[in-house]
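See below for the structure under consideration.
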Amino acid sequence: VRWLRFAIGLLIALTLHSLLDKFFPNALAFFNPYLILVIYYSMGGNLVGAIFAGVAAGLVQDAFSGAIFGMHAFALTVCGYLVAYVNSRLVLRGTLAFGVSLIGSVILNEIVLYLLVNILLKQKIEMFGEGMLAKTVLTSLFGMLVYQLLLLFLREEPIEATKRPSGW
Amino acid sequence: MQVAVERRPTLFFLVVLAALFLVMTASIRTTRIGETRTLFERGVMWAFSPVPRLVNWAGTNTADMYHGYLDMRRAVAQNFRLHNEVENLTRENLALRQSEGDLARMRSLLNYSEQFDMPTILARVIMLDTSGSFKSIILDQGSASGIEINDAVVNAQGLIGRVVLTTRKLSKVQIALDNNAAIGSLLERSRRQGVTRGDGTGMLRMDFVPSLTDVTPGDSVLTAGTDGLFPKGIPVGTVVKVDEGKDLFKSIRVAPAVDFSSLEDVIVLHTRKVPADVVRYQP
């Protein structure tokens, strides 16, 4: 059930990605639905699950974006793993904690992408500009909204739903 | 395998990162040698391609429907606006045509009235009664405008009749077709005088023209100016038939110069009347 939910979440993220690309080109520069998905699954504290979530979501994002294939997968895996690692010790719960994790993850994701581009292509990309601020704010707000909706829909702490034993 | 991974997640994490790094490196290389996508990347794209295609299909159709709806609303609003515009323009066009007709008529009346050296009053026909043997019209101007009984009424075509009754705002005109109307007239070509009156059938007859007079159909009949009512030279009609009458006079049928079925604007000529004491002068 956990991975089925993840698959549905991934399809929703890809749908959002496609919709944004169709109606608001370049919107993904200010909003990252894949990151919300990965962080949501990583907050359960399952390190291995977080790695798989990051790789799967990242590869799909890479496949439908112009970046080097594997780059977003790499960055999302790093974010997912770190968030899962922190949660395996601190057990952060609630919408605010999710929002804070998202803020940190957006920044970390951008730093990882910056480093990868720098290392692999020897190029320097724009960072810490208005785009990144907008991306941090919009992604966090949207993530918190989704979290609240899940809270209403699942009638339990959404992160607990990601902690159930998996069969991967 | 599963247990090993769960026991050493950090190691697994590093292995995955290394694998991803290799994938990225391969991706850069294939880009450099001409391939734009690795097989793995193509596989991921192929697996998830229904989603963007479905989104694109739904988005395009939704956008088309939305734009179709907007276009329809715009078309309905535009249609409504154009209907109103057509209505207004039709009304305006009719008014302009009316004005154009009025202007042409007024111009011809004005030109015509300028030849008279007497006061003229422009009036509009508001009622027309030519059904019985007593044929008359009602004008929208009366004594307040200076119209008096026996004033001549004409238009650009010719003589219409004379005023027989006035109120302050209206006047009644006995038209030339009336059986009781009598107009002192003359034949333009031969200058022979006579009296023209209505014959009750919409035509005129000219009496008292001697049998020896040269009259042929087509001759114009004008007012003679001898009756003390109508100024000289106003067209009365055209001779259409000439017969030898009984006695000493010809029987002449005259078609009126004026089309009495389409009277609109007329000129009232404020003629100088012959004083009554002159008419009844007893030497």
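In order, the protein sequences belong to chains G and P.
Just so you know, we're using the working numbering here: the first sequence kicks off at 5 and counts up by one.
Just so you know, we're using the working numbering here: the second sequence kicks off at 1386 and counts up by one.
Note that CB positions come from ideal geometry on N, CA and C, so glycine has one too.
Buried versus exposed, by CB contacts within 10 Å (16 or more), residue i
i	result
Gly48 of chain G	buried
Leu158 of chain G	exposed
Gln152 of chain G	exposed
Asp1604 of chain P	buried
Tyr1454 of chain P	exposed
Gln1526 of chain P	buried
Gly58 of chain G	buried
Val1651 of chain P	buried
Ala61 of chain G	buried
His21 of chain G	buried
Ala138 of chain G	exposed
Pro1437 of chain P	buried
Arg1547 of chain P	buried
Gly1419 of chain P	Model confidence at Gly1419 of chain P stands at a pLDDT of 48, short of 50, so the residue's coordinates are unreliable; what they give is reported in the following sentence. Per the 10 Å Cβ criterion, exposed.
Ala1403 of chain P	exposed
Val1400 of chain P	exposed
Lys1626 of chain P	exposed
Lys1520 of chain P	buried
Opposing strand residues paired with residue i [DSSP bridges]
i	result
Gly1543 of chain P	P:Asn1540
Ile1560 of chain P	P:Gly1546
Met1491 of chain P	According to DSSP, which records beta bridges pairwise, Met1491 of chain P is partnered with nothing at all.
Gln1483 of chain P	Bridge partners of Gln1483 of chain P: none, in fact.
Ile1652 of chain P	P:Leu1507 and P:Val1539
Glu1629 of chain P	P:Lys1635
Val1606 of chain P	P:Leu1572 and P:Gly1622
Arg1553 of chain P	None; Arg1553 of chain P has no bridge partner.
Gln1578 of chain P	P:Leu1571
Met1457 of chain P	Paired residues: none, contrary to the question.
Met75 of chain G	None, per the DSSP bridge assignment.
Gly1583 of chain P	P:Leu1589
Pro1595 of chain P	P:Phe1634
Asp1644 of chain P	According to DSSP, Asp1644 of chain P bridges with nothing at all.
Met1512 of chain P	P:Ile1523
Chain G contact residues for residue i, given Cβ-Cβ distances below 7 angstroms
i	result
Ser1412 of chain P	Ile72, Phe73 and Gly74
Leu1455 of chain P	Neighbours of Leu1455 of chain P on chain G: none; closest Cβ ~15 angstroms, over 7 angstroms.
heavy atom of the ligand ADP below 6 angstroms from residue i C-beta
i	result
Ile1652 of chain P	Questions concerning the ligand ADP fall outside what the structure shown contains, since it holds no ligand whatsoever.
Continuous beta strand (DSSP E) stretch holding residue i: start and end
i	result
Gly1569 of chain P	Ala1567 to Leu1572
Arg1638 of chain P	Lys1635 to Pro1641
Ile1523 of chain P	Ser1521 to Leu1524
Asp1592 of chain P	Leu1589 to Asp1592
Under 8 angstroms by beta carbon: chain P residues contacting residue i
i	result
Ala67 of chain G	Glu1426, Val1429, Met1430 and Phe1433
Ile40 of chain G	Within 8 angstroms Cβ-Cβ: nothing; Ile40 of chain G doesn't reach chain P, min ~17 angstroms.
Ile55 of chain G	Pro1394, Phe1397, Phe1398 and Val1401
Val59 of chain G	Val1401 and Leu1405
Cross-chain neighbours of residue i in chain G, by beta carbon under 9 angstroms
i	result
Gly1444 of chain P	Ser22, Leu23, Lys26 and Phe27
Partner residues on chain P for residue i, Cβ-Cβ distance less than 7 angstroms
i	result
Ala77 of chain G	Leu1405
Tyr85 of chain G	Phe1398
Val64 of chain G	Val1429 and Phe1433
Start-to-end residues for the alpha helix (DSSP H) that takes in residue i
i	result
Glu1426 of chain P	Leu1424 to Phe1433
Lys26 of chain G	Arg6 to Phe27
Gly98 of chain G	Careful: Gly98 of chain G lies outside any alpha helix (DSSP H) and carries neither H nor E.
Gln127 of chain G	Taken as a continuous stretch (DSSP letters only), Gln127 of chain G belongs to no alpha helix (DSSP H), as it is neither H nor E.
Val42 of chain G	Pro37 to Ser46
Asp66 of chain G	Leu51 to Ala67
Residue i: contacting residues in chain G (beta-carbon distance under 8 angstroms)
i	result
Met1409 of chain P	Ile72, Phe73, Gly74, Met75, Phe78, Leu120 and Leu124
Residue i: contacting residues in chain P (beta-carbon distance under 9 angstroms)
i	result
Leu18 of chain G	Phe1433, Val1436, Pro1437 and Val1440
Thr81 of chain G	Phe1398, Val1401, Leu1402 and Leu1405
Leu1 of chain G	It is not possible to answer for residue 1 of chain G, since the shown part of chain G is limited to 5 through 172.
* To do: For the region 95-126 of chain G, enumerate the residues whose C-beta is nearer than 8 angstroms to any C-beta of chain P, in chain order.
  => Close to chain P, meaning a Cβ-Cβ distance shorter than 8 angstroms, are the following residues of the region 95-126 of chain G: Leu120, Leu124 and Leu125.
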